[in-house]
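Contents: one structure, followed by commentary.
Protein chains: 2
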Amino acid sequence: MSGLLKVAILISGRGSNMRALARACAAPDYPAEIVLVLSNRADAAGLDFAREAGLATAIVPHRDFPDRASFDAAMDAEIRKAGAELVCLAGFMRLLDPAFVDAWRDRMLNVHPALLPAFKGLDTHRRALAAGVKIAGCTVHFVRSDMDTGPIVAQAAVPVLPGDTGETLAARILEQEHIIYPMALRLVAEGRVTVEGDRAIVDAAAPDAVLRNPDTGQLANSVAPV
Amino acid sequence: MSGLLKVAILISGRGSNMRALARACAAPDYPAEIVLVLSNRADAAGLDFAREAGLATAIVPHRDFPDRASFDAAMDAEIRKAGAELVCLAGFMRLLDPAFVDAWRDRMLNVHPALLPAFKGLDTHRRALAAGVKIAGCTVHFVRSDMDTGPIVAQAAVPVLPGDTGETLAARILEQEHIIYPMALRLVAEGRVTVEGDRAIVDAAAPDAVLRNPDTGQLANSVAPV
C-alpha cells in the first residue's frame, strides 16, 4: 500500500488540468496518485500524454451506450476496477447521471473557469467579459447534480485586463486552474477538507491558500506576483 | 473654477465610505471635490464627520415625503443646487426612483460588498459564507434601476478565512471598499472610464488597478501584501 489517495481523472480532450494533476502527483511528497485516466473519446489528446507518462488509461465511448445511466455505470465500473477513491473531472464534457454523482458524493472534484456561484455553465469567459467584471477566476468544487454547484474547496482570482478577449482571459484563468486544482487535491488527500452541507471547510492550518494572486505585470502598482 | 469634479455623497448612517472619499478629496492632486453630503436621516453619524470636515451638508428626511418620486425629486434639487456633477452612494439605504436613476445615468456610483454579479442585494456577507465561497470582495459600479446592477468600474477580491463570521468578513471587505471607491472616483473624474452599454471600459493606461490584493497575513505563501 502506498498510502497515497488513488485518483481517477475523467477527460474529453487535451486534458490540460489532468496534466497539471499528473505533474503534481509526480512530486515525491504529493499525497495522491493517478490510477486511471478515463476518456469518453478515443481521440482525446490527453490520452497520448497519459500513456507517455505511464498512466493507466481507459476509453468508455459514450456513443456505445443507449443512455446516460448505462454509460455512467460503465465508467463507474472502470473507475472502481482501477481502485480509485476519488474522481477528478478535467474537461470532461458529458453531463453526469445523478446516480453516478451520488455514488461519488464528496469524492468527486471539478474545476470551473469562473468564481462560482457567478457564471455557471458554458461560455463563461465571454459572459464574464460581457458583464464587464473586473475580476474573474476559477473554482475547484465537489460535484453535485446541479451543474457547477457543490462545496467549494479553492478559488483563484485574476484581473480582467483592458483589451481582453475570451481567449486571453481563458488563458489567464487556465494558468490558475493548473495551480489550484493540484492544491485542492492535495488538501483533500491530506484530509484537510471537511464537507458540511453545501460548504467545504478547509483546515485553518492548511499551508496553501485558497486565494492566489497572479502576476499581472501592468497592474504592478497593486498586484504583487505570487 | 477649480477644475475638480463636483461630487455629492448620499448617506444614511456612519458613512464610512464617505469618509474614505473625503480623505481622498483632501489630497492636493485628487481630481474631485465634495460639494454636498446629503442624508435622509438627521441622526446619521456621518453628518457630524462631514460638518467637522467643513463639508456642506443637507438633510432630506424621506418621511417628509408622500412617495419615493417626490423624495427623490427633493434630493435631486439639493444635489443640483450644490452644483454636483456626480453622485456617490455611500451606505444610502433607500431604493431610488427610476426617474432619479435615469437623470444621473453614468453619473452615479455605488459600492456593493460583493463581487457582482454574485450576491446582489442585502445580507451579502452571510450569504457568501453560507455559499462557502473562498473569495469574496466588493464592487464599485454605475447605478442602474435594477438593484446592484450597472457598469463595473472597479472590484477588489479578498479571501474568506477559516472561522470568518459575517462581521470579520465585512470588516475585511470594507477595508477594500475604502480603497477602491476613491480609486474608482479618481478614474471617473480623470475621464478614464467610458460606459459602453452595460460595461465600463477603463483606460488601459490608468495607473491604478481594478484588482487589489489585501494583506492576508496567514495566507502569506500565496498572497503578497499590497
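As they're listed, the protein sequences go chains W and G. So the first sequence is residues 136 to 361, counted in the numbering used here. So the second sequence is residues 136 to 361, counted in the numbering used here. Note that the Cβ used here is the ideal one computed from N, Cα and C, for glycine as well. Values in this document were obtained by computation on a predicted structure and should not be read as measured data.
Here Ala265 (chain G) is exposed: its Cβ has fewer than 16 other Cβ atoms, across all protein chains shown, within 10 Å. Under the 9 Å criterion on CB atoms, Ala266 (chain G) is classed as interfacial with respect to chain W. Listed in chain order, the positions of the segment 274-289 of chain G with a beta carbon within less than 7 Å of a beta carbon of chain W are Pro286, Ile287 and Ala289. A Cβ of chain W is located within less than 9 Å of the beta carbon of Val337 (chain G). For Glu168 (chain G), the enclosing beta strand (DSSP E) has its first and last residue at Ala167 to Ser174. Every beta strand (DSSP E) of 3 residues or more that sits fully in the segment 228-295 of chain G is shown, in chain order, as 243-247, 270-277 and 287-294.
Per DSSP, reduced to three states, the secondary structure at Leu322 (chain W) is helical.
For Pro166 (chain G), not one C-beta of chain W is nearer than 9 Å to its own C-beta. With fewer than 16 other Cβ atoms inside 10 Å of its own Cβ, Asp281 (chain W) counts as exposed. Counting only Cβ-Cβ distances below 9 Å, Ala253 (chain W) has contacts in chain G at Leu250, Leu251, Pro252, Ala253 and Phe254, in chain order. Residue environment analysis places Lys269 (chain W) among the buried positions, since at least 16 neighbouring C-beta atoms fall within 10 angstroms of its C-beta. In chain G, no part has a C-beta under 8 Å from the C-beta of Pro201 (chain W); the shortest such distance is about 37 Å.
Comparing alpha-carbon positions, the option among G:Phe235, G:Leu182 and G:Thr274 lying closest to Ala319 (chain G) turns out to be G:Thr274. By the CB criterion at 9 Å, Asp199 (chain G) and Asn245 (chain G) fall outside the cutoff. Where Leu140 (chain G) is concerned, the enclosing beta strand (DSSP E) starts and stops at Leu140 to Ile146.
Residues of the segment 307-333 of chain G with a C-beta less than 8 Å from any C-beta of chain W: Asp333, listed in chain order.
Here DSSP, grouped into helix, strand and coil, assigns Arg149 (chain G) to coil. A Cβ of chain W is located within less than 9 Å of the beta carbon of Ala291 (chain G). At a cut-off of 9 Å, the C-beta of Gly272 (chain G) has a neighbouring C-beta in chain W. Distances from the alpha-carbon of Glu312 (chain G) to those of G:Val293, G:Ala191 and G:Cys160 put G:Val293 closest. The beta carbon of Pro297 (chain W) sits closer than 9 Å to some beta carbon of chain G.
Remark: C-beta atoms of Arg149 (chain G) and Gly226 (chain G) approach each other more closely than 9 Å.
The C-beta separation of Pro317 (chain W) from Leu145 (chain W) comes to about 16 Å, leaving the pair out of contact by the 8 Å criterion. By DSSP's assignment, Arg334 (chain G) forms a beta bridge with G:Glu331. Excluding the 5 residues flanking it on each side, Ala159 (chain G) has same chain C-beta neighbours closer than 6 Å at Tyr165 and Pro317, in chain order. For Ile194 (chain G), the beta-bridge partners assigned by DSSP are G:Ser174. Taken atom to atom, the span from the alpha-carbon of Pro286 (chain W) to that of Glu187 (chain W) is near 33 Å. When the alpha-carbon of Ala185 (chain G) is set against those of G:Gly256, G:Glu168, G:Ala305 and G:Leu309, the nearest one is in G:Glu168. Beta-bridge partners assigned by DSSP to Leu221 (chain G): G:Val142. Listed in chain order, the non-local C-beta contacts of Ala249 (chain G) below 6 Å within the same chain comprise Thr259, local neighbours out to five positions each way being set aside. In the displayed model, Pro201 (chain W) falls within coil according to three-state DSSP, outside both helix and strand. Excluding five sequence positions before and after His197 (chain W), the CB atoms of its chain that fall closer than 7 Å to its own CB belong to Asn175, Phe206 and Arg229, given in chain order.
For the set W:Leu251, W:Ile315 and W:Arg215, the Cα lying nearest the Cα of Asp333 (chain W) is the one of W:Leu251.
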